[in-house]
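Input: a single structure, listed below in structure tokens.
Chains as they are written, first to last, in the working numbering: chain G, 1 to 366; chain C, 367 to 732; chain L, 733 to 1098; chain U, 1099 to 1464.
Written out as structure tokens, the structure reads:
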């Protein structure tokens, strides 16, 4: 199951950056979820390059849902989403066939696929494929919305500029819903400036995304292997550029003592909560009812316009490479909605495993 | 597939801390791997509490391999490993049934299993289960050894004391093989001292483990979902206390520019290598032939002897808890071999998927 | 994994009979397989209704392969096939929404999906979806061809008329390749006549398909669960109307004695073969190198033009139903290529598991 | 996932006929199922050789459940069952190492595992392993009992003697519960006689088992791949000797016309039922609420005492073989409980997928 993820609800991805179309098949979704096309559009809009901080490639992302939706509702059968590729300039990439771009998948694809890979624009490895993930995620979010689960991601850090962490989870998530540049405090202009500076320098920057998932009841996940951390991280590392995932206080927690790190339990309004949330809502791999919180480290976009050293694989010699083409100086902003989407898919799947395939059909309470 | 992990080579875990036995079933291993029992013993020895920095519970880990090995070699059929529990003091835990220990799985298990869970000593969530993972990992390491793959983990940081990172991967891995306290530089006594100080303070400490996997050829892994990062992190988060996983330069990479972070390619002795290894041997989810490098953040052991606030789940009120019993003030030392074991299982599986189920049968080159 | 099948090579199906499109995603195929579009066309032609013995619905099956093929060869990444629905007359089916057709999936779909299912033309349960299976199967056949594996299916029995069983497997398979009506002896006109008679009677007939798979080496399959019989039957029962699968002499074997049934081994040209093939090429779930042989029982098409008793699900009362529309009086002829396709997918997957994902890349010998 | 089966509830098998122990791990079972050890014992008793019609090997099947059960109830974590092998006479089998028994797995195991397989007594392919399946099945039956699902199997045909088919499903299933020799009509003595005659002839006989599953609600199963027929047959073909599986009227249905075969719907006591049950309770792969009915063709036991032709694999020449040892002249009687067990595992899994992992926890109605 190489490009398929999920047990009860699964997503299968296909497509290449410069092929005819990309897409996804979402299987196992409950019947009866009303499809809000404008919500899908708005999610795709968040992923789409929109400003100077993004690539100049403009895809309208005109998707079709060709199956699994009937009279505006999910049917319970596989939902196939197809997004044709339109704004394609393959000539930009022909030169890279033999000279792999550093930190990209060009070289590893060549070895894995023996030269048969579609090398244009990163082929199947392209961030372009995440447009299909976003549609799949949007459908899962509609299902989650009905059972009270909400997801938000903001740029915690980018190019040396820090946003504040989540405080009031639900309010913060709602506040992020309205923002094109997802930050919680007043740092948009400073971050943007630094990103544009990197662009001017023919360079790129990375960042850290922080995500909160609100409303998942306690008791979801498995003790071994299919821990909530394990399932989420498995899927999150598919997002191009993610090189680290930490839950709750994560790496910082490794520097605390037990008495500092432990999240003490208490009753609040008859419900068990924890005073702190260093564990990010997960104990022993299973949700404890607190918001699930995690950070993803996103590396700087590898496509930079500076000259770089690389090899010529056919001539078997060292060489240099100067990339042209349309690239993002920072993908953190665009990656935020992809992180939300991947999270929605994982959480929907885990809920369907615990509560059954029709859990979202009624839109009730868990 | 809740407690089973892996596609071509899989491991199924079972057992509770104070039940009759724990164990694992390893399926899909190539036939013809010679079983080195003394190696398994030595690996179990690394996991076993052995000094003042560990718990006082002493398990001899007298395992039986009851199937899948015949005349000293793997047969290719499922290998069942059974490790009886012996040094069990269940009375230590009876008090915690209603008062969940902060940052432990007691509460989440209670919600998930509705009170039917074996709560003694953490039950199925106990670190005790990792003894079975270590035997499974040792068998995978024997298979990997035959194709030139080696794995090593050291304590990069613990209780504020730092070890040096990997430098010469192969030498460092070999050096670690002989060490009971896995560090690369001369920091054992200082780390040990700090851990014992935490113990004296009725507290605990965490740390960061760094792992290198040497000898995996380029081209292993999948672009979406079953990325090398995704598969490894999925399994690694099962290890109790792991709250973060980062590959290569991980979170630090998010603070670099592209020109700093990119790993440039060059030829060395006719092979493509990279000058730096910020990507930890993985591009686009697929190995590039450089050593795979990652760090795991391990939180401080939640079982501390200080009084902590918690709730009484039956009486539905706040209360306090003072844990007695035998606990580790730091599990990083013992966790190192578990990280190696989990890594061995994942890498063996990914190689078997790419090269076939008999890949290890010949012990040849990949 | 509901509509996905396969471990190393997998197929995901989507689509509804009267939706926008149907399709399949084939994942895990080796890179470097040359795509022969005319072969795909000819396979689709075998499935397409073509004569008086089939439905009058005419679909041109104009498929697109939108990913996973580049410059005429498979890339190793997911191959998405999309087949738009064109000759759709939804009005034919509107009346059946509340009155489920006997022996069809109308009622079970209604219960499973709670009324949200696309009921038009059988929706996701329609035989129409097998067009996508045929394309997926054709691609797998191209891969299998390169390693010497060939598959053929003929109508062993239909409407009381019997074909002869396979004799010389390879010759028979090759002979079937050229036939639109797949029989080995001179029974086409008699079978056709009987089918047309059933049509005239507003009724339908079923039949038995016999399949041989030539060239699979010994040692493929697993002892428990993933036996060759288990994997093949799992997939074969997805084909609408298949209600029985037997391997080798199957149900007849249950009436033999051991001394009659056992397939004795002997050497022929230095290779181990069996004198008889009552076990259909499989011992203990694993191939023995003889051709894999099995029969599928196909029930008579449930859509008949005679009046039938059924229920009105909204009014909760008994009623009668008279189906109009375009239906096959017998689907055995069209099902033959679907059985071949499903078999090709299963065998390709099992070979890829044993020999690795690149097994078909070289087109060499197993 | 080679020796593991199931999605939400899964079973992993291990062990060899003459190894230290065999066993199973059942994962995903709901917590709170009361374990009735005497029921497990009685189920094992049905599988155990008990009379002249069975092998003389006597295993007491003294199993241990070493995990997943606490205070007499399932905990929800993996249930590991271990059954030590005791009455083992390995000398009986040493001669067969090089001379594979016809219709057995000796040859295919040799090719698959390259000579490393445990060849004694069929090794991992032995019917002995089904003892573990029976324990796993018994646990699933306890869960199913709580939601009103019951399973029964009888010998429909053996050695030319026919039992009557199921008539009143529920009564017939209950009647079979009390019988050591599972037949519905008065044919035990005649069947037994014929089996003993075969034994006297140094030969063996096969038969057909018919199974009914009562109480599964409509709407369970999937349209493609994970059809109820597909999932059941997949698992059933693991049972040694099963060479055919047919649902409802199966192969006979292929000889009916549509008007004869179709199961018309009607209301009875406010519930939709079908007048006939030719489809065996399944339409389009999904249950329709009628009893699930299927037949398994069981080939004659391949171990016969007559001299047979075979090959010597080391000397690469034809030879003859005369088997000694303890064998069943017919395994249909003993296979009946194994078919029930496998069915219970599959149905429990499918219910857990649809209704969630805790479906059996309450023992309520579906």
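Virtual Cβ for every residue (Gly too), placed ideally from N, Cα, C.
When beta bridges are read from the DSSP output, residue 668 of chain C appears opposite no residue. With respect to the C-alpha of residue 1368 of chain U, the residue from L/902, L/1050, L/816 having the closest C-alpha is L/1050. Between the stretch 254-271 of chain G and the stretch 207-217 of chain G, the count of Cβ pairs shorter than 8 Å is below three; the stretches do not touch.
Residue 1179 of chain U places its beta carbon less than 9 Å from that of residue 1122 of chain U. Counting C-beta atoms within 10 angstroms of its own C-beta, residue 728 of chain C has fewer than 16 neighbours from the protein chains shown and is therefore classed as exposed. Within chain G, the residues whose beta carbon sits less than 7 Å from that of residue 683 of chain C are 267, listed in sequence order.
Under the Cβ distance rule, residue 960 of chain L does not count among the residues neighbouring chain C, no pair being separated by less than 9 Å. Sixteen is the threshold: when 16 or more other Cβ atoms of the shown chains lie within 10 Å of the Cβ of residue 645 of chain C, as they do, the residue is buried. Proximity of chain L to residue 373 of chain C at the Cβ level (cut-off 7 Å) is accounted for by 739, in chain order. Within 10 angstroms of the beta-carbon of residue 19 of chain G lie 16 or more other beta-carbons, which makes it buried. Within the stretch 1155-1219 of chain U, the runs of beta strand (DSSP E) that reach at least 3 residues and sit entirely inside it are, in chain order, 1177-1182. Around the beta carbon of residue 117 of chain G, 16 or more other beta carbons sit within 10 angstroms, so the residue counts as buried. Residues of chain U with a Cβ closer than 7 Å to the Cβ of residue 470 of chain C do not exist, since the nearest Cβ in that chain sits about 16 Å away. Judged by DSSP in its simplified three-state form, residue 541 of chain C adopts helix.
Only residues of its own chain outside the window of five on either side were considered, and among them 1198, 1215, 1411 have a CB closer than 7 Å to the CB of residue 1208 of chain U, listed in chain order.
Residue contact check for residue 337 of chain G against chain L: no CB pair falls below 9 Å. In this structure, U/1145 is the residue among U/1222, U/1145, U/1158, U/1104 with its C-alpha nearest to the C-alpha of residue 1279 of chain U. Residue contact check for residue 609 of chain C against chain G: a CB pair falls below 9 Å. For residue 930 of chain L, there is no enclosing beta strand (DSSP E); the enclosing alpha helix (DSSP H) covers residues 920-932. Per DSSP, residue 1044 of chain L is one residue of the beta strand (DSSP E) stretching across 1040-1044. Fully contained in the stretch 254-292 of chain G are the following alpha helix (DSSP H) runs of length 4 or more, in chain order: 258-261.
Per DSSP, the beta-bridge partners of residue 946 of chain L are L/882. Residue 277 of chain G does not reach chain C, its nearest Cβ partner there being about 11 Å away, counting only Cβ pairs nearer than 7 Å. The beta-carbon of residue 668 of chain C is placed no less than 9 Å from the nearest beta-carbon of chain L. In the structure shown, the three-state DSSP call for residue 1392 of chain U is strand. Nearest neighbour of residue 767 of chain L by Cα position, chosen from L/873, L/851, L/829, L/776, turns out to be L/873. Three or more Cβ pairs drawn from the stretch 585-599 of chain C and the stretch 220-239 of chain G lie within less than 8 Å of each other, which places the two stretches in contact. Collapsing the DSSP output to three states places residue 603 of chain C in coil. Residue-level contact check: residue 886 of chain L does not touch chain U, since none of the beta carbons of chain U fall below 9 Å from its beta carbon. A direct Cα-to-Cα measurement between residue 1392 of chain U and residue 986 of chain L gives close to 15 Å.
Under the 8 Å Cβ criterion, the stretch 1252-1270 of chain U does not count as touching the stretch 1224-1240 of chain U, having fewer than three qualifying pairs.
Chain-ordered, the chain G residues with CB closer than 8 Å to the CB of residue 1321 of chain U read 77. Taking 9 Å as the cut-off, the beta carbon of residue 426 of chain C is found no closer than this to the beta carbon of residue 463 of chain C. Residues 1108, 1176 of the same chain have their beta carbon placed closer than 6 Å to that of residue 1125 of chain U, with the five preceding and five following residues left out of the count. Chain-order list of chain C residues neighbouring residue 288 of chain G: 473, 474, by C-beta distance under 7 Å. Residue 978 of chain L carries a strand assignment under DSSP once its states are collapsed to helix, strand and coil.
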